[in-house]
Amino acid sequence: MNASDHAAIDSTAHNAAYLACSGVGRVAVLHANLTAPALVAHAIRRGEGRLSADGALMVQTGVHTGRSVADKFVVDEPATTKAIWWGKVNQKLSSSHFATLKGRVQAYLQDREIFSQDLFAGADPENRIRVRLITTNAWQALFARNMFIRPKTSELAGFAPDYVILHAPDFEADPAIDGVRSSTAIALSFAERKIVIAGTQYAGEIKKSIFTVMNWMLPERGVLPMHCSANIGRNDDVALFFGLSGTGKTTLSSDPERRLIGDDEHGWGQGGIFNFEGGCYAKVIDLSAEAEPEIFAASHRFGTVLENVVADPRGVVDLADRTLTENTRSCYPIEFIPNVEPSGRGGRPKHVVMLTADAFGVLPPLAKLTPAQAMYHFLSGYTAKVAGTEKGLGREPQATFSTCFGAPFLPREPRVYGELLAKLIAEHNVSCWLVNTGWSGGAYGTGKRMPIAHTRALLNAALSGALDGAGFHPDPAFGLMIPDAVAGVPGTLLNPRQAWADQAAYDRQAAELIGRFEANFASFADGVDADIRNAAIRSAA
39 MNASDHAAID STAHNAAYLA CSGVGRVAVL HANLTAPALV AHAIRRGEGR
89 LSADGALMVQ TGVHTGRSVA DKFVVDEPAT TKAIWWGKVN QKLSSSHFAT
139 LKGRVQAYLQ DREIFSQDLF AGADPENRIR VRLITTNAWQ ALFARNMFIR
189 PKTSELAGFA PDYVILHAPD FEADPAIDGV RSSTAIALSF AERKIVIAGT
239 QYAGEIKKSI FTVMNWMLPE RGVLPMHCSA NIGRNDDVAL FFGLSGTGKT
289 TLSSDPERRL IGDDEHGWGQ GGIFNFEGGC YAKVIDLSAE AEPEIFAASH
339 RFGTVLENVV ADPRGVVDLA DRTLTENTRS CYPIEFIPNV EPSGRGGRPK
389 HVVMLTADAF GVLPPLAKLT PAQAMYHFLS GYTAKVAGTE KGLGREPQAT
439 FSTCFGAPFL PREPRVYGEL LAKLIAEHNV SCWLVNTGWS GGAYGTGKRM
489 PIAHTRALLN AALSGALDGA GFHPDPAFGL MIPDAVAGVP GTLLNPRQAW
539 ADQAAYDRQA AELIGRFEAN FASFADGVDA DIRNAAIRSA A
């Protein structure tokens, strides 16, 4: 037996031990914890994507250009079934069906070229989980490496994962055999601590599956998991930005005057806040170097993954091209943003900002909220989709309500998260704000999108304390307190009704949106305190 034979035996034994937690018996080749350059090289070799002119890895995700919400399942297990918020968000999958699906995916992964990554979720060592991704594609391994927290080399020795992701994007589930809805399945078992993702190339499923795990784990520790971005000012004042996709979480938290903690997922405990991730996943449709220079620069460099972004034959990207999807994405390590908080942690928040992109054009661009109003808007989770952003939308804006600004990722009932937020806001005397990054002077198609320069001026005034002691007056339609004046922002923009040429049309549009708020609130009104019910948006009649 020569030295090469010994190496082969050692490698095989090592691989078997490494893969034992995944249930995958053997693989053809295992690429464990490769760095970005190696993963990019493998992705190019395998034809998974191509390089942009600036060196980013460009990939396409096929039919799935977003999350497949209807194909997400949670395994119904005795130890957890009573605590799970069952319904459209968390569909039940029996333990036997999960065993079948998992077994078929494990068999599929055998004897293939496999890419794995060992990563952390949670910048707070006391509230983190260790994640092992097992996937068939180099680019999705790079996505995960960019997205999560990369352990130091010393931390990889003896790395024992808390959760294992079995990722088989080209495997098609069978509803008749696996008990799922289609050929796509995202199935999570809290008892086995395993996640199976099959039948979708969209890498966001990897990210949000682990977010769901954090939303399950942390409340029992008294820590609030949040779908929000966060940054920190020069005086170590922390601000949180809640909002659904397209409302500006990533854009507004990437502020040259404030250090970025993270752009999407955080935890808030007694010691302060911490990022769950080590990267950013920015929506880049119509991204410009002028309006968002940090994100633009990060999206034009080696190591970044561009999903469904279109480029010419020379690799010059066109960030306005919607040929593949409106949901074009850029995934990069957080250190690609120049002004970051390297620890991924901050103290107790001083400000909570609720973001909405109101396509009806009737909400004010900035309003100060009482704690009860903040809870109402947190539980409402309002924004509006517009024609062109998703298939099937007509000419009129479509109101969207997602409780806690993240209903698809909540394994527990919303009241669990709402009660934690209310407690933290009260304990730490947090200032709360509503910011509308949507339309002004008319609805989508008539009015104009709120200029980002004005939104930043409003936020700077709120976060800097410039509005402390300033005059406010009530908005007659929604009962929100609007500042009398903000430096650098036209007065007509502050009062949305005044920005409309046809103010009677404003009144009709405002009444329509108020009705939608009322209808949504009816679904959870019985489960909240009287002060939140009193703070609800309702018709004057």
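The numbers in the sequence shown follow the numbering used here, run straight up by one, and end at 579.
By construction, the Cβ of each residue, glycine as well, lies at the ideal position given by its N, Cα and C atoms.
Cβ contact check for the stretch 523 to 538 and the stretch 305 to 314: 3 or more pairs under 8 Å | no
Three-pair Cβ contact test at 8 Å for the stretch 243 to 256 versus the stretch 181 to 200 | yes
Residue 566, DSSP secondary structure in three states | coil
Ordered along the chain, which non-local residues of its own chain (more than five positions away) have a Cβ less than 6 Å from that of residue 78?
-> 95
Within the stretch 147 to 192, note down every full alpha helix (DSSP H) run reaching 4 residues or more, in order along the chain.
-> 176 to 185
Touching or not, the stretch 254 to 268 and the stretch 449 to 459, by the rule of three or more beta carbon pairs under 8 Å?
-> yes
Indicate the three-state DSSP secondary structure (helix, strand or coil) for residue 65 in the structure shown.
-> coil
Residue nearest to residue 599 in terms of C-alpha spacing, selected from 151, 530, 406, 468 = Lying outside 39 to 579, the shown extent of the chain, residue 599 is not represented and no answer is given.
Cβ shell of residue 573 (< 7 Å), same chain only, five flanking positions each side left out | 408, 410, 411, 414
Just mark residue 52 as buried or exposed, buried being the case when its beta carbon has 16 or more other beta carbons within 10 Å.
-> exposed
Using the rule of at least 16 other Cβ atoms within 10 Å of the residue's Cβ for burial, across every protein chain shown, is residue 510 buried or exposed?
-> exposed
Okay, do the stretch 59 to 69 and the stretch 129 to 149 touch, 3+ Cβ pairs below 8 Å being the bar?
-> yes
Three-state secondary structure (DSSP) of residue 208 = coil
Expressed to the nearest angstrom, what Euclidean distance is found between the alpha-carbon atoms of residue 201 and residue 248?
-> 9 Å
For residue 206, does the count of other Cβ atoms within 10 angstroms reach 16, so buried, or fall short, so exposed?
-> buried
Any 3 or more C-beta pairs closer than 8 Å across the stretch 274 to 283 and the stretch 221 to 235 | no
Decide if the stretch 510 to 526 is in contact with the stretch 395 to 405; the criterion is three or more beta carbon pairs, one per stretch, under 8 Å apart.
-> yes
Option nearest residue 212 by Cα separation, candidates 203, 204, 222 | 222
Distance, Cα to Cα, residue 456 vs residue 473?
-> 20 Å
Within its chain, find whatever has a CB closer than 6 Å to the CB of residue 354; leave out the 5 residues flanking it on each side and keep chain order.
-> 91
Can you tell me whether residue 119 is buried or exposed, with buried defined as 16 or more other CB within 10 angstroms of its CB?
-> exposed
Whole-angstrom C-beta distance between residue 131 and residue 172, which should lie under 8 Å | Not confirmed; about 20 Å, so no contact.
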